[in-house]
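Colleague: Starting off with a structure, shown below.
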């Protein structure tokens with residue numbers, strides 16, 4: 755939103771940026787992971803959920819890294835963090851648990 759406001763203030767595609775800002779104002783707020791993560795001591799971040807969705811889609815770690823334009827070690831860190839938060843020991847268990855919590 756801040757970037758859109760800046761663009762509108764500078765007159766950059768003002769009609770388009772105003773429509774986008776208006777749409778943001780009318781849209782409901784973002785759903786936080788914590789709203790769906792009853793039973794978790796610590797909610798998953800949006801990025802951890804995004805990575806888990808790609809894992810669930812059958813992508814390998816390197817494919818996820820390439821898809822999200824992040825490093826392989828960052829993908830592994832997100833997956834490890836998600837495992838810990840979900841109490842999972844492997845990919846399948848993490849996906850099952852995330853599905854049970856309606857995170858995916």
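In our numbering, the protein residues as written are 755 to 858. Glycine residues also receive a C-beta, built at the ideal position from the N, C-alpha and C atoms.
#1: For residue 833 and residue 802, what's the separation of their Cα atoms in angstroms?
#2: I believe residue 808 touches residue 818 by the beta-carbon criterion, under 8 Å. Please report the beta-carbon distance rounded to the nearest angstrom.
#3: Should residue 806 and residue 839 be called a contact, given that it needs their Cβ atoms to be closer than 7 Å?
#4: Can you tell me whether residue 774 is helix, strand or coil according to DSSP?
#5: Look at the alpha carbon of residue 799 and the alpha carbon of residue 776, and state the distance between them as a whole number of angstroms.
#6: Determine the contact status of residue 810 and residue 858, defining contact as a CB-CB distance below 7 Å.
#7: Our contact map puts residue 831 next to residue 842 with C-beta atoms below 8 Å; I'd like the distance itself, whole angstroms only.
#8: Out of 761, 797, 845, which one is the CA nearest neighbour of residue 815?
Modeller: Reading off the structure:
#1: 7 Å
#2: 5 Å
#3: no
#4: helix
#5: 27 Å
#6: yes
#7: Not a contact, Cβ separation roughly 15 Å.
#8: 845
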